[in-house]
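Presented below is the structure to which this report refers.
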Amino acid sequence: MTHLDEVLSAYLDGEATPDEVRRVDRHTSECLQCRRRLRAISDARAAVRSLPTLELPLGLVPVAETAPGKRRRVVWMGAAAAALAGLVTAAAIFTPAPEPIDLSDLSRQVGARAALDPGSGPLKIVLPGGLVGE
Amino acid sequence: MSPITALVLALIMGSSVTADVDGYLERSAEAEFMGEQLISCDTPDGSRSSVFSLAQVEGAAVAWVAGADDTVVRMAPGSNVTVAHGEVEAALIEGTLETDASVYNVGSTDEVEYLGRDAREVTLLREGEERVVLTVDAATDAIVRTVTLDGDGSRYCDRRLLSFTTDLSGVPSVDETIEGVPSQPVEVVPEDLPDEAAGFELVDTYELENGTLSYYSDGFFSAGVVLTSRPISFPEGVDVSQVEGERGRYRRSYQPGSVTLSWQSAGENVAVIGDLPPDLLDAFVAELPAPSTDGFFGRIWQRLFG
C-alpha cells in the first residue's frame, strides 16, 4: 500500500487538488497508519497555533529596512531562520508530551481478549496487588 | 492395509488428537470450583510467585485475596473487571471466537491423584517438545494444575490449586452489569506486524486512541502487541529491568504468570504483554519491529508530531 505522507499537509491546508482530496479520503478510510499521521499533524499544528506570537527584537526591523539590497535579504533570511528555529524549539519545549499509556489498562484489555479463548480464564488470570513475592 | 487407508486413518487420528487439546480446555471452562492457587515462576529476572483465591463460576474466573485486600478480578469471555478499593476498572472486547490449537497435540496422559482426588495428567507437545503439563480433575474437568516449560525443558511457571472445593459460597460477587462499548476488531492490520511469528498467529487487531493492539495466539500461550505513538509506562511498584538483547534494548517486567516487554522502534513505542515462556518470547519478539533509538531531532519530532 502506498502511503500519502506528501499530500497530507496540503490536504490539511486546503491546498490539495480535488483528486488529491478524494485520494486522501479514500486512503485514510482504509489505512490506519495514514489516519494516525493525519491526526498527529493536525494536533501538532493546533499546538503550534496556540503558542504566543513572538515579537522581533527592537532594532532588528529598522536595521533590515535601512540596509540596502542583498544585505537586507540576508538579514531577513537570517531573522526568518532564527524565528523559525525559535518557534520549533519553543514548540518542542511547550508542547506537552503525550500522556503515557498505563500498561495496567493494556494488560486488562489483553486479559479480556485472552478470556475469549475457551478455558483460558483460570490459566491467564493474574491478581494485581495480591500476595506477590520474589 | 492400503497406503490410502493408512493415510486416512492417520488423518482421522491426528485430528482427534488435536481436538483433544481443545476438548480439555473447552470442558474445563464448564467446571465450577473454588480453591487457593499458587503461581510460581522461574524467570530470567528471578522467581515470581503469588497466592490468591480462585474460583470459576458460570464460565468466569474470579481471583481475590481472602481477608487481606479488597481487590477482586473477574475474567469472563470478552471482559476483564478489576474492583479495588471500590473503584471499578473494566475492559470489554469482542473478537474471533474460533480457537486454533493446531500447534499443540497431546503427548501422553497418566492417571494421577491430586489433592486426594482422581485426576489425569496431560502432556501437551509443541512441535514435538513438551511445553505444558495439565492436571485435570476427573470429576469436574477443572484444570487444577498447569506447568509450563521453557525450551530446555525446565519449569517456567507452575499454577496449582492448593485446595479444591465445589462449594462456591465464599466467592465474592462482582457487578456484571458493566456499561461500555466493547472494542471491536478492525480489518486493517499494522504493516509492521507479521501475520504469524514463531508459531503465533495474529488473530485480532484493535484500534487504540493512538495506536493498535494486536492479539496473537498459538492455541495455548498468547500475547498482545501494542504499537503506539504515546509513551508506555509501567505501573508503580513493578520491578522493571533493562535488557540488552541482540537487536537492542528492552524494558522487561515479569509478574507471576505474565511478562511485559517494551521498547522504542522507529518513532513508535511497542509493548508485548503475554504469558509466553522465555524462549518463545525471544523467538516471538525477534519477528516484531526491532528496537531503535531516536536521535535529538528524532525526539523533537516525536514530541511535536507524536
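Order-wise, the sequence lines are chains A and B.
The letter at position 50 of the first sequence is residue 50 when you use this note's numbering, and the numbering goes up by one with no holes.
Quick note: to get this note's numbering, add 1000 to the position in the second sequence (first position is 1).
Where is the CB? At the ideal position from N, CA and C, for every residue including glycine.
- Taking the Cβ atoms as the reference, Gly1257(B) lies roughly 19 angstroms from Met1034(B), outside the contact range of under 8 angstroms.
- Across the segment 111-123 of chain A, CB contacts with chain B closer than 8 angstroms involve Gly111, Ala112, Arg113, Ala114, Ala115, Leu116, Asp117, Pro118, Gly119, Ser120, Gly121, Pro122, Leu123, in sequence order along the chain.
- The C-beta of Leu127(A) comes closer than 8 angstroms to at least one C-beta of chain B.
- Under the three-state reduction of DSSP output, Arg1247(B) falls in the coil class, being neither helix nor strand.
- Against chain A, the beta carbon of Asp1204(B) has neighbours under 8 angstroms at Arg113, listed in chain order.
- As summarised for the segment 1030-1085 of chain B, the continuous beta strand (DSSP E) elements at least 3 residues long and confined to that stretch are 1033-1043, 1046-1057, 1060-1064, 1072-1076, 1079-1084, given in chain order.
- In the DSSP assignment, Ala115(A) falls outside any alpha helix (DSSP H) and carries neither an H nor an E.
- The criterion of a C-beta distance shorter than 8 angstroms is not satisfied by Arg1230(B) and Gln1242(B).
- Taking a C-beta distance under 8 angstroms as the contact criterion, Glu1036(B) and Ser1053(B) qualify as a contact pair.
- CA-CA distance, Leu38(A) to Leu8(A), rounds to 6 angstroms.
- Closer than 8 angstroms to the CB of Ser107(A) there is at least one CB belonging to chain B.
- Residues of the same chain with a CB within less than 7 angstroms of the CB of Pro1182(B), apart from the 5 flanking positions on each side, are Gly1078, Leu1092, Ile1093, Glu1094 in chain order.
- Chain A places no beta carbon closer than 8 angstroms to that of Gly1267(B), leaving this residue out of the contacts.
- About 25 angstroms separates the beta carbon of Gly1151(B) from that of Arg113(A), a gap too long to meet the 8 angstroms contact definition.
- Rounded to the nearest whole angstrom, the C-alpha separation of Val1203(B) and Tyr1216(B) is 6 angstroms.
- As the crow flies, the alpha-carbon of Arg72(A) is around 46 angstroms from that of Asn1269(B).
- A distance below 6 angstroms between beta-carbons, with the five flanking residues on each side excluded, links Asp1045(B) to the following residues of its chain, in chain order: Ser1241, Tyr1254.
- With a cutoff of 8 angstroms on beta-carbon distance, Asn1080(B) and Val1021(B) are scored as not near each other.
- In the three-state DSSP reduction, Leu1281(B) falls in the helix class (H, G or I).
- Glu30(A) reaches chain B at Val1188, counting residues in chain order whose Cβ is nearer than 7 angstroms.
- Residues of chain B with a Cβ closer than 7 angstroms to the Cβ of Asp5(A) do not exist, since the nearest Cβ in that chain sits about 11 angstroms away.
- In this structure, DSSP gives Cys34(A) a helical state, which the three-state scheme calls helix.
- Gln1264(B) has a beta carbon lying at 8 angstroms or more from every beta carbon in chain A.
- Residue contact check for Leu1276(B) against chain A: no CB pair falls below 8 angstroms.
- Around Tyr1215(B), the beta-carbon contacts reaching into chain A at under 8 angstroms are Val110, Arg113, Ala114.
- Only buried fits Pro122(A), as 16 or more other CB atoms lie within 10 angstroms of its CB.
- Close partners of Phe1234(B) in chain A (Cβ separation under 8 angstroms): Leu103.
- DSSP, reduced to helix, strand and coil, places Thr28(A) within a helical segment of the structure shown.
- If you keep only unbroken beta strand (DSSP E) runs of at least 3 residues inside the segment 1133-1168 of chain B, you get 1143-1149, 1155-1161.
- In this structure the segment 1189-1196 of chain B does not lie against the segment 1157-1173 of chain B, because fewer than three pairs of beta carbons, one per stretch, are closer than 8 angstroms.
- DSSP, reduced to helix, strand and coil, places Gly1023(B) within a helical segment of the structure shown.
- Rounded to the nearest angstrom, the gap between the Cα atoms of Val1238(B) and Asp105(A) is 14 angstroms.
- Judged by their CB atoms, Thr1260(B) and Leu103(A) are nearer to each other than the 8 angstroms cut-off.
- Here Asp1137(B) is not near Val1147(B), since their CB atoms are 8 angstroms or more apart.
- For Asn1080(B), the closest Cβ of chain A is nearer than 8 angstroms.
- Chain A has a Cβ within less than 8 angstroms of the Cβ of Gln1255(B).
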